[in-house]
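Chemist:
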Amino acid sequence: MTDSIPESPAANTTSTFLRDLIAEDLRTKKYGEAVIQTRFPPEPNGYLHIGHAKAICIDFGLADEFGGKTNLRFDDTNPAKEEQEYVDSIMKDVRWLGFDWERLCYASDYFGQLYEWALQLIREGKAYVDDLSADQMREHRGTLTEPGTDSPFRNRTVEENLDLFTRMKAGEFPDGSRVLRARIDMASPNINMRDPVMYRILHTAHQRTGDAWCIYPMYDYAHGQSDSIEQVTHSMCTLEFADHQPLYRWYIEQLGIFPSQQIEFDRLNLTYTMLSKRKLLQFVQEGRVNGWDDPRMPTLSGIRRRGFTPEALRAFCGAIGVSRTNGTIDLEMLEHFQRDDLNRRAARAMAVLRPLKVVIDNYPQGQEEFVEVANNPEDPAAGTRQVPFSREIYIEQDDFREVPPPKYYRLSPGKEVRLRNAYFITAQSVVKDAEGNIAEVHCTYDPASRGGNSPDGRKVKSTMHWVSAAHAIGAEIRIYDKLFTNAFPSEVEEGGDVLDNLNPNSLEIVTGAKLEPSLGSAAHGERFQFERVGYFCVDPDTTPTKLVFNRTLPLKDSWAKIEKKAGA
RNA sequence: UGGGCGAUCGUCUAAUGGUAGGACAGUGCCCUUUGGAGGCACUUGUCUAGGUUCGAAUCCUAGUCGCCCAGCCA
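Numbering (the numbering used here), first residue to last: 49 to 616.
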């Protein structure tokens with residue numbers, strides 16, 4: 049791959065409601081002369097996926113666009129689920145996508161301040177310690193249609209609340225025995241406002257604060273204030289948090305602190321893709337895939353290993369736009385942007401995945417020569433290379449048919465085709481093995497057609513890739529397909545499970561591939577277009593003695609379409 | 001049956017009272033030393049019913065449909 053090609057013209061920057069809103073806030077000087085401040089707030093409880101890429105592009109991209117700043121903030125308020133491994137992977141993924149943060153923050157940095165604010169709310173009679181069990185609290189919460197009822201502990205004195213909360217912090221009570229709740233309104237039609245829990249007791253060591261704390265703030269009590277502390281002007285999050293906005297504002301207003309504003313947008317959904325962290329974790333833990341970076345996973349680490357590029361991901365995120373509509377993007381859209389990027393930048397090479405031997409009978413025995421081949425026809429600056437040619441070569445099994453179907457342009461008995469950048473050949477006869485399978489095809493070549501054109505102007509219908517048998521190198525090729533057979537993986541039959549929709553053929557390992565020798569020196573992660581086949585990249589499993597390629601995506605295949613139509 | 005949010009080509013997204021446009025997908029043609037890429041063309045859409053207006057995707061009224069919320073998860 050070369051980096052000399054300029055990035056594609058800015059992706060469709062669809063004008064979004066977020067852009068309009070920020071522009072308006074800037075125009076009215078809602079935040080004075082301050083620049084836009086955003087944040088990307090992942091919880092370090094799993095690996096980032098393509099859905100997060102959209103959020104990252106929004107949080108960082110919009111701030112960039114308006115000359116603002118973006119913090120990376122880990123929302124690490126639940127030590128039971130969070131790990132340093134996830135923190136590390138998230139930082140790596142954000143950088144890989146092409147973004148860098150103004151400040152690296154952690155919600156846990158604010159535990160002290162949050163605690164002080166909790167004391168303030170208690171003193172103002174706006175928070176209380178509740179001794180109800182989780183089950184009892186659920187009963188008191190009411191339902192979607194019925195109001196909740198007050199806890200018997202709701203009217204404790206400020207002194208008692210202060211005493212109890214201080215002792216909660218001191219570790220005097222066991223997990224689950226008490227919580228601190230905001231005193232708002234048990235009859236609110238918005239369940240989030242029915243005296244939400246602010247703190248729970250959790251005698252669990254935190255990956256950053258160790259055992260300094262045994263009470264931990266809930267998301268709602270931590271997020272808005274964290275935004276406020278960082279002077280976040282635009283706190284973008286997904287739609288399911290819209291119901292939490294009144295609470296987000298309530299804490300900020302009661303505390304009288306910097307008025308960060310929450311704005312919700314639609315989550316990314318993709319056909320044939322599962323973007324639930326919980327489910328992805330399950331696939332990893334149950335061994336349904338080979339880890340978080342399995343190239344079939346929608347995680348950024350999986351996608352990266354698969355060979356996708358940050359440029360393509362960013363172009364995709366720009367093109368899909370942002371709205372408040374629940375929708376599902378066709379996977380083809382993502383694939384389109386990836387092909388578009390790789391087509392312009394990936395070096396070409398010839399590789400035969402399922403080899404069929406061709407013997408050129410009138411080519412001198414023992415002779416070899418080198419033909420000059422463009423590294424990337426889309427990019428003359430990528431230069432050329434010399435590829436060895438000889439009497440015995442491999443072509444793709446699919447490229448020969450003893451009995452050609454209609455519209456089949458490739459090699460068949462008596463038919464002349466071009467070997468890319470080499471010669472015209474004509475199939476003369478077939479040799480079969482004991483089972484009747486075609487073992488080799490014998491051809492004749494036209495020495496005058498060297499380079500791929502005949503001086504008499506003769507045309508051929510087809511151009512095929514090939515690899516000289518004597519010079520070929522081997523490789524393992526991993527062919528990936530969709531992880532799910534259903535466009536909507538979570539659509540399952542009664543009593544069924546997402547696992548029922550897993551595609552049993554999502555990974556095919558091809559071991560007998562024959563590659564042109566130049567590929568022998570390819571580096572880990574290097575990307576290629578195997579001409580007429582697809583885009584591939586070198587997998588990290590590659591060793592000095594074993595080459596492994598991942599197929600990122602196949603090339604579009606209009607012959608497959610014709611064939612399918614004829615068969616249907 | 002509480003509250004919140006939403007509804008424009010098959011999919012995603014523009015149009016902010018003034019010609020419903022783009023991208024992906026699809027179809028056809030042209031071009032091609034990748035049946036790739038590229039070029040051209042075509043098809044398909046404002047949830048419904050009323051209303052306001054010279055004019056409505058946009059405003060009003062009433063429906064319909066979809067998504068989210070009853071964790072001491074985020």
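Note that beta-carbon positions come from the ideal geometry of N, C-alpha and C, so glycine has one too.
On a predicted model such as this, the values are computed, not experimentally measured, just so you know.
Is it a yes or a no for the stretch 352 to 372 touching the stretch 85 to 104, going by three-plus beta-carbon pairs under 8 Å?
Modeler: Contact between the stretch 352 to 372 and the stretch 85 to 104 is present, because at least three Cβ pairs lie under 8 Å.
Chemist: My parser needs the beta strand (DSSP E) runs of 3 or more residues fully inside the stretch 474 to 529; what are they?
Modeler: Listed in chain order, they are 486 to 494, 521 to 528.
Chemist: So, for P602: in the same chain, excluding its five sequence neighbours on each side, which residues have a beta-carbon less than 6 Å away from its beta-carbon?
Modeler: Here residue 602 corresponds to residue number 554 of the first sequence, with the count starting at 1. G582, listed in sequence order.
Chemist: Taking buried to mean at least 16 other C-beta atoms within 10 Å of its own C-beta, is P552 buried or exposed?
Modeler: Here residue 552 corresponds to residue number 504 of the first sequence, with the count starting at 1. Exposed.
Chemist: On the DSSP bridge list, what partners appear for F578?
Modeler: Walking along the first sequence from the start, residue 578 turns up at place 530. Answer is A397, G582.
Chemist: Let me know if P222 comes out buried or exposed under the rule of 16 or more other beta-carbons within 10 Å of its beta-carbon.
Modeler: The sequence position of residue 222 within the first sequence is 174, counting from 1. By the 10 Å Cβ count, P222 comes out exposed.
Chemist: T125: buried (16+ other C-beta within 10 angstroms of its C-beta) or exposed?
Modeler: Translated into positions along the first sequence, residue 125 becomes position 77. When all chains shown are included, T125 counts as buried.
Chemist: Would you mind sorting N598 into buried or exposed? The rule is 16 or more other CB atoms within 10 Å of its CB.
Modeler: For this step, residue 598 is matched to residue 550 along the first sequence. Per the 10 Å Cβ criterion, buried.
Chemist: Have a look at R466 and G375 and give me their C-alpha separation to the nearest angstrom.
Modeler: Sequence index remark: in the first sequence, residue 466 carries index 418 (1-based). Sequence index remark: in the first sequence, residue 375 carries index 327 (1-based). Between R466 and G375, the C-alpha separation is close to 46 Å.
Chemist: Excluding five sequence neighbours on each side, which residues of the same chain lie with their C-beta closer than 7 Å to the C-beta of V83?
Modeler: To locate residue 83, count along the first sequence from 1; it is residue 35. Only G115, G116, K117 meet the Cβ criterion.
Chemist: So, for E55: in the same chain, excluding its five sequence neighbours on each side, which residues have a beta-carbon less than 7 Å away from its beta-carbon?
Modeler: The residue you call residue 55 lines up with position 7 of the first sequence. Low confidence applies here, because E55 scores a pLDDT of 31, under 50, leaving its location unreliable; read the following figure in that light. Around E55: E359.
Chemist: Quickly, what does DSSP pair I408 with across the bridge? List them, please.
Modeler: The residue given as residue 408 occupies position 360 in the first sequence. Per DSSP, C491.
Chemist: If we ignore side chains and look at the alpha-carbon of each, how far apart do P454 and V135 end up?
Modeler: For the purposes of this step, residue 454 is taken as the residue at position 406 of the first sequence. For the purposes of this step, residue 135 is taken as the residue at position 87 of the first sequence. Cα to Cα, the separation comes out at about 57 Å.
Chemist: Does the beta-carbon of E207 have 16 or more other beta-carbons within 10 angstroms, so that it is buried, or is it exposed?
Modeler: Position 159 of the first sequence, counted from the start, is the residue given in the question as residue 207. The residue in question, E207, is exposed, as its Cβ has fewer than 16 Cβ neighbours within 10 Å.
Chemist: In three-state terms, what does DSSP make of K609?
Modeler: Start at 1 with the first residue of the first sequence, and residue 609 comes out as number 561. In the structure shown, K609 sits in a helix (DSSP, three-state: H, G or I).
Chemist: Applying the criterion that 16 or more other CB atoms from any shown protein chain within 10 Å of the CB defines a buried residue, is R344 buried or exposed?
Modeler: Counting from 1 along the first sequence, the entry for residue 344 is found at position 296. R344 comes out buried.
Chemist: Does the distance from the CB of L328 to the CB of P346 come in under 9 Å?
Modeler: Here residue 328 is taken as the residue at index 280 of the first sequence, counted from 1. Here residue 346 is taken as the residue at index 298 of the first sequence, counted from 1. Taking 9 Å as the Cβ cut-off, L328 and P346 qualify as a contacting pair.
Chemist: Would you be able to state if there are at least three C-beta pairs under 8 Å between the stretch 445 to 465 and the stretch 407 to 419?
Modeler: No, the stretch 407 to 419 does not touch the stretch 445 to 465.
Chemist: What are the boundary residues of the alpha helix (DSSP H) that S349 is part of?
Modeler: One-based indexing of the first sequence puts residue 349 at position 301. Start and end: 348 to 354.
Chemist: How is V540 classed by DSSP in three states: helix, strand or coil?
Modeler: Here residue 540 corresponds to residue number 492 of the first sequence, with the count starting at 1. In this structure, V540 counts as coil in the three-state DSSP scheme.
Chemist: From Y456, P592, M512, pick the residue whose C-alpha is nearest to that of M614; which is it?
Modeler: Along the first sequence, read from residue 1 onward, the residue named residue 614 stands at position 566. At residue 614 the sequence reads Ala, which differs from the Met that was named. For A614, the nearest C-alpha among the options comes from Y456.
Chemist: Span of the beta strand (DSSP E) holding N119?
Modeler: Within the first sequence, residue 119 is the residue found at index 71, counting from 1. Its beta strand (DSSP E) spans residues 117 to 122.
Chemist: To the nearest angstrom, report how far apart K217 and D259 are at their CA atoms.
Modeler: The residue given as residue 217 occupies position 169 in the first sequence. The residue given as residue 259 occupies position 211 in the first sequence. So the alpha carbons of these two residues sit roughly 11 Å apart.
Chemist: When DSSP labels each residue in this structure, what does G431 get in the three-state scheme?
Modeler: Here residue 431 corresponds to residue number 383 of the first sequence, with the count starting at 1. If DSSP states are grouped into helix, strand and coil, G431 belongs with coil.
Chemist: Could you tell me whether the Cβ atoms of Y176 and A270 are closer together than 9 Å?
Modeler: Working through the first sequence from its first residue, we reach residue 176 at position 128. Working through the first sequence from its first residue, we reach residue 270 at position 222. Not in contact: Y176 and A270 (Cβ atoms no closer than 9 Å).
Chemist: Quick one: grab the DSSP three-state call for R67.
Modeler: What you label residue 67 is simply residue 19 of the first sequence in a count that begins at 1. Three-state DSSP puts R67 in a helix.
Chemist: Give the range of the beta strand (DSSP E) segment to which A561 is assigned.
Modeler: Mapped onto the first sequence, residue 561 falls at position 513. That run of the beta strand (DSSP E) goes 555 to 563.
Chemist: Please state whether DSSP places P436 in a helix, a strand or coil.
Modeler: If you number the first sequence from 1, residue 436 lands on position 388. If DSSP states are grouped into helix, strand and coil, P436 belongs with the strands.
Chemist: So for L603, helix, strand or coil by DSSP?
Modeler: The residue labelled residue 603 in the question sits at position 555 within the first sequence. If DSSP states are grouped into helix, strand and coil, L603 belongs with coil.
Chemist: Thinking just about the alpha-carbon of each residue, which of G350, V370, F306 is nearest to the one in F313?
Modeler: By 1-based counting over the first sequence, the position of residue 313 is 265. Of the candidates G350, V370, F306, the one whose C-alpha sits nearest the C-alpha of F313 is V370.
Chemist: Assign C285 to one of three DSSP states: helix, strand, or coil.
Modeler: Taking the first sequence and counting its residues from 1, the one referred to as residue 285 is at position 237. DSSP places C285 in strand when its eight states are reduced to three.
Chemist: Sort C262, R242, A482 by Cα distance to L250 and report the nearest one.
Modeler: Your numbering for residue 250 matches position 202 in the first sequence. Ranking the options by Cα distance to L250, first place goes to C262.
Chemist: How should T321 be labelled, buried or exposed, when 16 other C-beta atoms within 10 angstroms of its C-beta is the threshold for buried?
Modeler: Position 273 of the first sequence, counting from 1, holds the residue named residue 321. Under this definition T321 is a buried residue.
Chemist: If you pair each beta-carbon of the stretch 469 to 480 with each one of the stretch 494 to 506, do three or more pairs fall below 8 Å?
Modeler: Touching, yes.
Chemist: In whole angstroms, give me the CA-to-CA distance for D291 and F108.
Modeler: Residue 291 sits at position 243 when you count from the first residue of the first sequence. Residue 108 sits at position 60 when you count from the first residue of the first sequence. About 24 Å.
Chemist: Measuring CB to CB, does E278 end up less than 9 Å from R392?
Modeler: The count along the first sequence starts at 1 and reaches residue 278 at position 230. The count along the first sequence starts at 1 and reaches residue 392 at position 344. No, they are not a contact pair.
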